[in-house]
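Numbering of the sequence shown is given in my numbering, commencing with residue 198 and proceeding in unit increments. Every residue, glycine too, gets a C-beta built ideally from N, C-alpha and C. Report on the structure given below.
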Amino acid sequence: MLNSRAAIATVEGELSGVNMDIGELARNIAGIKIGESSTPTFKEGDYTINASGSGHKMAQGKYVEQYNLEGHARSISIANAGNYYENSNVYFNTSKEAEPKIRQIAYEVSPDLPSGRNRSFTGREEELEAISKFFAQSALRDEPVIYAITGTGGMGKTQIALEYAYREKNRFAAVFWVTAATEETVRTSFVKIMQQIVGAQVEAYKPEPPDYGIIGASLGIQRLLDRGGKVSSDSGAIDDIRSALFSWLKAPGNRKWLLIFDNADDLETFDLDKYFPRSGGGGILVTSRRQEFSGIAEQANLGGLDGESAVDLLLRLSQIKNPLENDKNHAAVIVKKLGFMPLAISHAGCFISQVRIPLSEYPQYYDNAFKKAQSRVPKLGWFYQNHSLEASQKFKHTAVTTWELSFFEIQKQDMEAASLLLTCSYLNPMEISEDLWEDEPFDEESQIQVKNRFSLLASYSLIDRNRAGAFSIHPVVHDWTRERVNYSDRLQVMGSTVKVLGRTLRLPKLFRPNREWDGREERRIMEHAEVLCKYLESRLHELLEQEGADGKVNTLWAVYRIASIFNDQGKHKISMQWFQRALAISEKTLNEDHLLIIDIIGRIAGAFCSQGKYDDAMQLYQRALASCEKVFGKIRLYHYESRIAGVLRCQGKYDDAMQWYQRAITGSEKALGENHPLTLDIVTSTATVFLDQAKYNDAMQWYQRALVGAEKVLDKDNPLILSIIHNIAIVFYYQDKYDDAMQWYRQALTGFERVFGKDDLSTLDTVNNIGTVFERQGQYDDAVECYQRALIGFGKILGEDHLSTLKVVSNIGFIFERQGKRDAIQWHQRALAGCERVLGKDHLETLRAVNNIAIFFNRQNKYDNAIKLYQRALIGFEKALGEDHPETLNVVNNISMAFESQGKRDAIQWYRRALAGRKRTLGKYHPDTLDTARRLHCLLANTKVTASTREHLKERRKRRRKKLW
198 MLNSRAAIAT
208 VEGELSGVNM
218 DIGELARNIA
228 GIKIGESSTP
238 TFKEGDYTIN
248 ASGSGHKMAQ
258 GKYVEQYNLE
268 GHARSISIAN
278 AGNYYENSNV
288 YFNTSKEAEP
298 KIRQIAYEVS
308 PDLPSGRNRS
318 FTGREEELEA
328 ISKFFAQSAL
338 RDEPVIYAIT
348 GTGGMGKTQI
358 ALEYAYREKN
368 RFAAVFWVTA
378 ATEETVRTSF
388 VKIMQQIVGA
398 QVEAYKPEPP
408 DYGIIGASLG
418 IQRLLDRGGK
428 VSSDSGAIDD
438 IRSALFSWLK
448 APGNRKWLLI
458 FDNADDLETF
468 DLDKYFPRSG
478 GGGILVTSRR
488 QEFSGIAEQA
498 NLGGLDGESA
508 VDLLLRLSQI
518 KNPLENDKNH
528 AAVIVKKLGF
538 MPLAISHAGC
548 FISQVRIPLS
558 EYPQYYDNAF
568 KKAQSRVPKL
578 GWFYQNHSLE
588 ASQKFKHTAV
598 TTWELSFFEI
608 QKQDMEAASL
618 LLTCSYLNPM
628 EISEDLWEDE
638 PFDEESQIQV
648 KNRFSLLASY
658 SLIDRNRAGA
668 FSIHPVVHDW
678 TRERVNYSDR
688 LQVMGSTVKV
698 LGRTLRLPKL
708 FRPNREWDGR
718 EERRIMEHAE
728 VLCKYLESRL
738 HELLEQEGAD
748 GKVNTLWAVY
758 RIASIFNDQG
768 KHKISMQWFQ
778 RALAISEKTL
788 NEDHLLIIDI
798 IGRIAGAFCS
808 QGKYDDAMQL
818 YQRALASCEK
828 VFGKIRLYHY
838 ESRIAGVLRC
848 QGKYDDAMQW
858 YQRAITGSEK
868 ALGENHPLTL
878 DIVTSTATVF
888 LDQAKYNDAM
898 QWYQRALVGA
908 EKVLDKDNPL
918 ILSIIHNIAI
928 VFYYQDKYDD
938 AMQWYRQALT
948 GFERVFGKDD
958 LSTLDTVNNI
968 GTVFERQGQY
978 DDAVECYQRA
988 LIGFGKILGE
998 DHLSTLKVVS
1008 NIGFIFERQG
1018 KRDAIQWHQR
1028 ALAGCERVLG
1038 KDHLETLRAV
1048 NNIAIFFNRQ
1058 NKYDNAIKLY
1068 QRALIGFEKA
1078 LGEDHPETLN
1088 VVNNISMAFE
1098 SQGKRDAIQW
1108 YRRALAGRKR
1118 TLGKYHPDTL
1128 DTARRLHCLL
1138 ANTKVTASTR
1148 EHLKERRKRR
1158 RKKLW
């Protein structure tokens, strides 16, 4: 029999004088004798047919006879005619009476797509335009071009292909759909396609009945077509069908066809490439979760819907016909949570519609019952069908089943890759560094294995390798990965994630006093820790119970390091919670002098100090110091000595603080060197003591000393260097050198933005301080702009009632006051209300907010209101800080000025109290001491003049009375 794929050179042209009919032609070809010494030759005019070989096959060439019949060009393959004649199972009419009608092969084939057009299809105009443009530009090529739509399951790849087919069906003469999930589904699709082509040939015969013998011969499937025109689906016939289809696709003039290979995800068990035609002028559109098509196709990785289309799809499927603005806002929140994934949005819409809940409640269902919220489908009209199965076996695809198919394939190939994906489900899905799995010391073979696992996950589009060395996971896929694990088995996955982060947090690049420190990586790790802790919080005790002794200690160290990174990133509240959890468990498990316990205590003490709880902080630092002296040696000893000095500084005990700092510096320089990061940190803190005392020249010298040393051993963007630069700017600010201050602030700002980003706390703090410089320079609009940026940033990161946010609120109140705006007091009151609500009425920051409002009233000449608030602040400061603390004395001085403005002699005694206190605390020549002395002197002088004047007037009145008598 003739193999249609081996069909040979085409002979085309018009044969004049050919009188035999098709049957006779077939008989002549079939009668060629095989095994003769010479190859028989048939000649007709200038055209020749050669045949040799066995089994009545033509070895070289396909002879096509073309001649005019009924006024139309008709053609048929002589080789196929011969085969048809010998095939006794297929009807072939050779009678002289019934002259066959030779028809031209039809190239226009009606499409038979797997489902109707999706009425809910929304958006994707850019993607559809890109596909259309690609095929339009390739229309004149002589080989098929391939466009592959790739991406994670649920992004709507199939729906885009289906929509494109419906939109462009008139542009193409034929559109064929190949379900490419397995080799069997591809073969079944090819049989179906050939049946469609046969159907098109039948249409060409109308109104006359079709001659399937001629149709089969013309298509090269004569032995595969029965009397009723049905194409054989026997497994042995598929190669012939494929060859016949490829021949039809490459026929001259057949340039407007489109083959769609849907769900081409299996690239391991069979060779998909052999089912792609190599010749012909059509196009191939592929949809796949796999990422390996870029070598043979124009590959486009599909992302989520645009925001507007996503909201529109959700509202439509939720059956909200006339949505209000509030509905749209809730819908926007939902689609963002779902990562703009069409399939996930479709599930959400069905769930909302069927369960009949308001849009605002869906996120709660999603968080608490993920599988139910992401598996609801309608009884009718669901377009996400599994086309890889027979019609009787098709089921309705959900997001879960889509990803489970990929996960199952990954498990079969590499169980460790599957476990790696589960570990990632407790990390921030937006940016995961592959370095998290880097071994110490580096093991090249092990790392190659890890890289291969990432490649496998990316191949199935479960992760997206969006930049070198890092990848992301779609948020819904991320949630599914976590939720697919049984509750009891999740502890093991959490434990793996804790170990990954704990190991990473020991690396030099995450140790701030190190030249290799990487601020961006620190921020990324913190974001991973936030995700992990959300789930670990309630199950930490369970996890530790499953650990052995060594594993338990390692896990606690990991928790400590996670809490530390929260603290370093300004997440003080959450860091304190985790420090306290780790301490409570460690004290029950470990010796009281264990290094882990001491380090946790030190961190908690630092938090107490920043909250103004100086006595609590001092108690914990003293405990840590005592343990260091007994057990841990000098490095930690000097560290805690400097921390005790810091508490004393905050309490205004500057002489005591300086003694502790000098003790720490001396020891650190001797043991570690003058340029060790710990030594430089203590030097920086010592400079701050001078700054607090307004000894600006001394402060500058110490800051400069620290900066020179730090630049020798640390990278220019290290936080210690940037903090020193920031503090130097503060010195210039207090010296009224605003241009210098601005220059140094901007240098610090550039570094903080480069290392931490524009929304980092250090960045925003510097922005706020730049605002104060603008304010002092009278550039109020620039100042407000800085304050507003800081306010938005702090509010976003820390919340509206966080201390840093409220300080900016207070600054805005002062600048509005300078601008004469009536709402200035509202900003001050907002700051006070926030402090009282969050910190309590007696907290230092609350008292400072009270003092600020008093200053405002004083400037408004509302002295009674001002004095009342000053008195409240004074009582609080005296209780918290003592009578001689600089802040307490500032309030005393403010009260003095208020009484002076009222012309009350009470001002004298208050000035005297402020002066005496400032002399004791700050010294005779401190600027604040000198300012109080000047004010008191002027007040006393004015009082003496006033008294003298009164005496003079009294004497004059006396003399006048005497004169009258």
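Sequence-distant Cβ neighbours of D1020 in its own chain, meaning closer than 8 Å and more than five residues away, are F1013. In the three-state reduction of the DSSP assignment, T347 falls in the strand class. When the Cα atoms are used, I1072 and I989 turn out to be separated by approximately 33 Å.
For L619 and P520, the gap between their C-alpha atoms comes out near 39 Å.
In this structure, DSSP gives D914 a state outside helix and strand, which the three-state scheme calls coil.
Counting of Cβ neighbours within 10 angstroms places Y811 among the buried residues, the total reaching 16 or more.
When only Cα atoms are considered, L780 and G699 end up about 17 Å apart. According to DSSP, residue pairing for I481 in a beta bridge involves I343 and L456. DSSP, reduced to helix, strand and coil, places W941 within a helical segment of the structure shown. Annotation: the continuous beta strand (DSSP E) that includes R662 extends over D661 to R664.
Listed in chain order, the non-local C-beta contacts of E489 below 7 Å within the same chain comprise L464 and S656, local neighbours out to five positions each way being set aside.
DSSP, reduced to helix, strand and coil, places F369 outside both helices and strands of the structure shown, so it counts as coil.
By the CB criterion at 8 Å, I921 and L946 fall outside the cutoff. If you draw a straight line from the Cα of V306 to the Cα of A441, it comes to about 16 Å.
Cβ-Cβ distances below 7 Å link T963 to H923, Y942, A945, L946 and F949 in the same chain, with the five nearest sequence neighbours on each side left out; the list follows chain order.
Around the beta carbon of F605, a 10 Å sphere encloses fewer than 16 other beta carbons of the protein chains shown; the residue is thus reported as exposed. Beta-carbon to beta-carbon, R487 and T701 are separated by about 30 Å, too far to satisfy the 8 Å threshold. With respect to I1050, L1029 sits close: the two C-beta atoms are nearer than 8 Å. Rounded to whole angstroms, the separation of the alpha carbons of P1124 and W857 is 25 Å. Distance from the CA atom of A529 to the CA atom of I438, rounded to whole angstroms, is 50 Å. Taking the Cβ atoms as the reference, L1086 lies roughly 7 Å from T1118, within the contact range of under 8 Å. Assigned with DSSP and collapsed to three states, Q496 falls in strand.
Minimum Cα-Cα distance from K831 among the listed residues A868, E400 and Q334 corresponds to A868.
DSSP links T376 through a beta bridge to D459. V697 places its beta carbon 8 Å or farther from that of G480.
Taking all protein chains in view, the Cβ of I549 is crowded by 16 or more other Cβ atoms within 10 Å, so the residue is classified as buried. Nearest to R1109 by alpha-carbon distance, out of G1100, L1127, A1095 and L1133, is L1133. S622 sits in coil when the DSSP states are folded into three classes, being neither helix nor strand. CA-to-CA, the gap between T969 and A667 works out to about 40 Å. Under the three-state reduction of DSSP, S335 is assigned to coil, being neither helix nor strand. Boundaries of the alpha helix (DSSP H) around S656: E641 to S656. 8 Å or more divides the Cβ of P560 from the Cβ of L502. When the beta-carbon positions are compared, E495 and F331 come within less than 8 Å of each other.
DSSP lists V428 as the beta-bridge partner residues of L422. Beta-bridge partners of S669 (DSSP): D661. Judged by DSSP in its simplified three-state form, S839 adopts helix.
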